[in-house]
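Step one of this worksheet: look at the structure below.
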RNA sequence: CGGGGAUUGGCGCAGUUGGUAGCGCGCGCGGUUUGGGACCGCGAGGUCGAAGGUUCAAGUCCUUUAUCCCCGACCA
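Numbering (my numbering), first residue to last: 110 to 531.
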């Protein structure tokens, strides 16, 4: 993308009505736009990050047999009454409205009931199971208080997956596969080392549920971790019995602030029974489906990544989710320089490398400052000096020093073959 | 929902004891510049979140209200 064509602009100042680092930087860099408290729009650069995260999650979900769909945003009242969750006393985050006819509808804050209703129509036999579906959906929750920028909003993008299994064993296999897939997701977005599968209270069916917690000062959770053993537990299950079960002593645990980036649980057959979601087994008997629910907060994940890696100059994106892998800045408007910069931009783009090309008629200092603020991993400068030397000037976002490199070096760095550079 | 703070051009801010608004950035035009957010000149842009009140006079005082931020509570 050519920056001269991008409608968003960066700002020299951070917005006064945000204190969360993620929101300050994302707004300053033009990645997001605040509509109201807890509600943000995603502008081109921000959307690219979202889409990159989604692509990784999608790959991993497909890899364990997830099938993607998109559920509706509007949900009928009657559906939620079958499980007793329409009431505002039971669920206090509902946004509700009415159709012209007077029928009441809710805006989806989760899709558990609707997905069961949908799956009921297609699952009749044990031969139809397991069936695992997921979606990327904007959830609407009327939170009493939004906070922490995009980390806790009233409107946010979530990947939610639901598993339908014949029995506890089939369910458990998928549950474990999901834990592994989630670990790969967090590894790939750069948070692997600081993200822990965390034991949390499990409800009626299992001793524990599992949260995926990323160590983050801006998070709103407190967890207890043991880095060596890779064990983490939520405050709510921190008791002698749990500690004994997990084989870890209380004095071996470190208390840290964290952000919940994922959460998975086992519903057993409770919801299936409430909603009469059943199949016929091999013996011709009717049985209730075992359900599981698995979420990853996509926009929260983006916020956590922004928070964790940012430095005093701005955002710092891991290459896997950055809006572009390479930032090319041309200095000055010399014809040869422009031609060389255009050439590199075209070459990289043609080979599938995402590039933010700063072809604006602004001074060098502004280009450097914006490159840092945007947080693009690789910065390549093309100027009269570099053209004369037949090299490019390269600097990593996380490095303080620049170096002269050749086109071959650029190719190697980006994983391009020699033939691709011709 | 309880407590605290805030609201003044697009953004960030200043406005002393009430006397009818100012700075920086940004923006437009002209010129000089061009390797870490350049400089000079000219110019456009607000009636001070909203409503009501006190006063000869309100951005400054009073009341109500809306919105935003923070702490807490809440978060299947």
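Built from N, CA and C at the ideal position, the CB exists for glycine as well.
Note to self: For the structure I just gave you, are there three or more beta carbon pairs, one from the segment 304-321 and one from the segment 427-446, closer than 8 angstroms?
What the structure shows: no
Checklist line | residue 176 burial status per 10 Å Cβ neighbour count (16 or more: buried) | finding: Exposed, since its Cβ has fewer than 16 Cβ neighbours within 10 Å.
Next item on the list: Using the Cα positions of residue 402 and residue 251, report the straight-line distance between them to the nearest angstrom.
Entry: 21 angstroms
Next item on the list: Taking all protein chains shown into account, decide if residue 408 is buried (16 or more other Cβ within 10 angstroms of its Cβ) or exposed.
Entry: buried
Notebook entry, point to check: So which of 217, 486 and 522 has the shortest CA-CA distance to residue 428?
Noted result: Among 217, 486 and 522, the Cα nearest to that of residue 428 is on 486.
Checklist line | Spatially closest choice to residue 375 from 399, 361 and 355, by CA coordinates | finding: 399
Next item on the list: Kindly indicate which residue of 515, 501, 495 and 482 has the alpha-carbon position closest to the one of residue 134.
Entry: The candidate whose alpha carbon is nearest that of residue 134 is 482.
Notebook entry, point to check: In this structure, does DSSP put residue 439 in helix, strand or coil?
Noted result: DSSP places residue 439 within a strand segment (E or B) once states are collapsed to three.
Margin query: Within the continuous beta strand (DSSP E) that includes residue 446, where are the two ends?
Written below: Note, residue 446: premise wrong, no beta strand (DSSP E); alpha helix (DSSP H) at 444-459.
Next item on the list: Assign residue 507 to buried or exposed, taking buried as 16 or more other Cβ atoms, counted over all protein chains shown, within 10 Å of its Cβ.
Entry: exposed
Next item on the list: Name the residue from 276, 439, 218 and 246 whose alpha carbon lies nearest to the alpha carbon of residue 238.
Entry: 276
Next item on the list: Over the uninterrupted alpha helix (DSSP H) stretch that includes residue 124, give me the two end residues.
Entry: Counting along the chain, residue 124 falls outside any alpha helix (DSSP H), and DSSP gives it neither H nor E.
Next item on the list: Note down the Cα distance separating residue 614 from residue 492, rounded to an integer number of angstroms.
Entry: The chain is shown from 110 up to 531; residue 614 falls before or after that span and cannot be answered.
Next item on the list: Give the range of the beta strand (DSSP E) segment to which residue 142 is assigned.
Entry: 141-145
Check: Just curious, the beta strand (DSSP E) that residue 375 is in, first and last residue?
Finding: 363-377
Margin query: Extract the residue ranges of the alpha helix (DSSP H) inside the segment 158-205, only unbroken runs of 4 or more that lie entirely within it.
Written below: Positions of the alpha helix (DSSP H) runs, each at least 4 residues long and wholly inside the segment 158-205, are given as 186-190 in order along the chain.
Next item on the list: Give me the Cα-Cα distance between residue 417 and residue 349, rounded to the nearest whole angstrom.
Entry: Here the alpha carbons of residue 349 and residue 417 stand approximately 32 angstroms from one another.
Next item on the list: Keeping to the same chain, check which residues put their C-beta closer than 6 angstroms to that of residue 155; ignore five residues upstream and five downstream.
Entry: 140 and 141
Checklist line | Top-ranked residue by Cα proximity to residue 242, from 257, 167, 282 and 262 | finding: 167
Next item on the list: Confirm, please, whether the CB-CB distance from residue 446 to residue 496 is below 8 angstroms.
Entry: yes
Next item on the list: Tell me whether the beta-carbon of residue 131 lies closer than 8 angstroms to the beta-carbon of residue 430.
Entry: no
Check: Of the residues 122, 110 and 460, which one's Cα is nearest the Cα of residue 478?
Finding: 122
Next item on the list: Could you check which residue in 463, 484 and 319 has the C-alpha nearest to that of residue 285?
Entry: 319
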